[in-house]
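Read the structure below first, then the notes.
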Amino acid sequence: FMECNPASQKCCLRQCEQCGDPSDLKNKLLDIFTNNFIDTIKIKKWTSTDRSNLESVELNVDDYIDQFCNQLKDYQTHDFKTKMQATYYRETKMSLKDGEVLVCDFAENYSFILQDEVQSFHWNNEMATLHPFVIYYKKEDEIAHLSFVIISECNIHNTVAVHLFQKHLIEFIKANISAIGPVHKIIYFSDGCAGQYKNCKNFLNLCHHRDDFGIAAEWNFFQQVMERDPVMVLEAQLRD
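If you're matching positions, the sequence shown starts at 1 in the working numbering and goes up one per residue.
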């Protein structure tokens with residue numbers, strides 16, 4: 001209803017002149033609700049002010065259809081970009097050359113949990129930064145991986161922290177991978193968090209990556225956190 005069949009890149013990016021009109025979809029949905037005697041729809045909806053909340057909302061059919069079709073337009077573009085980025089990530093990982101390393105990372109704060117904590121500990125609970133890295137590299141014509149985790153008492157996630165974490169990461173890479181052969185390029189993948197990764201200070205650090213660490217680098221940003229499964233497994237093991 002919303003795209004040509006098969007859909008082209010222009011369709012997914014809402015640049016096609018032949019599709020994108022939601023009128024047919026709206027009429028189809030309206031017929032379904034009318035035939036089933038449905039006047040109102042109850043849904044759960046994310047709302048954002050200073051924080052995100054999941055709220056229950058009741059809408060009449062017309063308002064629901066309008067909101068659904070408008071958000072579906074944004075989802076088309078989002079879904080296309082997500083799939084293209086995931087494909088690029090997988091292809092980059094599987095086509096690593098000798099001396100190239102791919103690093104997938106993200107950071108978050110973790111609150112300590114004590115098994116027999118007293119009630120007052122809940123209000124005085126300290127936190128630590130967990131910054132897991134999953135490192136992919138080529139070994140004997142196959143893609144191998146290593147895991148490296150930084151645990152820090154500093155909970156400030158900024159460019160300074162990222163650069164310091166990179167220093168320890170690259171020392172680990174040189175100590176554990178360079179035995180196979182010299183590492184001459186690191187390919188970073190992360191989300192686009194402006195506080196840590198996607199900012200002018202980190203771009204400047206990237207320009208000086210070879211001067212600082214003796215290795216060239218490139219940085220790729222996902223529009224959302226993707227391919228986190230290996231990193232999340234590593235983090236879950238740490239928490240346990």
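Idealized CB from N, CA, C, for every residue including glycine.
As the structure is a prediction and not an experimental result, all values here were calculated from the model.
Looking at the DSSP output, S48 bridges to S52. Between A216 and H184 the beta-carbon gap is near 6 Å, inside 8 Å, which marks them as a contact.
DSSP, read as helix, strand or coil, puts F37 in coil.
Nearest to C19 by C-alpha distance, out of I38, N60 and K73, is K73.
In this structure, DSSP gives H184 a state outside helix and strand, which the three-state scheme calls coil. Taking a cut-off of 8 Å for Cβ pairs, the region 47 to 57 and the region 69 to 84 do not touch, as fewer than three such pairs fall below it.
For the set R14, K45, A144 and F165, the Cα lying nearest the Cα of Q196 is the one of F165. Non-local C-beta neighbours of K138 in its own chain, meaning closer than 6 Å and more than five positions away in sequence, comprise L96 and D98, ordered along the chain. Counting every other CB atom within 10 Å of its CB across the protein chains shown gives V160 a total below 16, marking it as exposed. Beyond the five residues adjoining it in sequence on each side, N199 comes within less than 8 Å, by CB distance, of T159 in the same chain, given in chain order. Here P132 is buried: its Cβ has 16 or more other Cβ atoms, across all protein chains shown, within 10 Å. For F133, no alpha helix (DSSP H) run applies; the uninterrupted beta strand (DSSP E) run containing it begins and ends at M127 to K139, by DSSP. Of all alpha-carbon atoms in K201, I135, N205 and H208, the one lying nearest the alpha-carbon of F189 is that of I135. Excluding its 5 nearest sequence neighbours in each direction, S152 has C-beta neighbours in its own chain below 6 Å: T129, listed in chain order.
Secondary structure within the region 147 to 197: the alpha helix (DSSP H) runs of 4 or more consecutive residues, fully enclosed, are 159 to 176 (chain order). When rounded, the separation of the alpha-carbon atoms in K10 and R90 is 23 Å. K42 sits in a strand when the DSSP states are folded into three classes. A direct Cα-to-Cα measurement between K44 and F33 gives close to 18 Å. In this structure, E218 places its C-beta atom within 8 Å of the C-beta atom of I187. Taking the Cα positions, F80 is about 20 Å away from Q67.
Looking at the backbone, the Cα of N27 and that of C16 are separated by about 21 Å.
Around the CB of L204, fewer than 16 other CB atoms lie within 10 Å, so the residue is classed as exposed.
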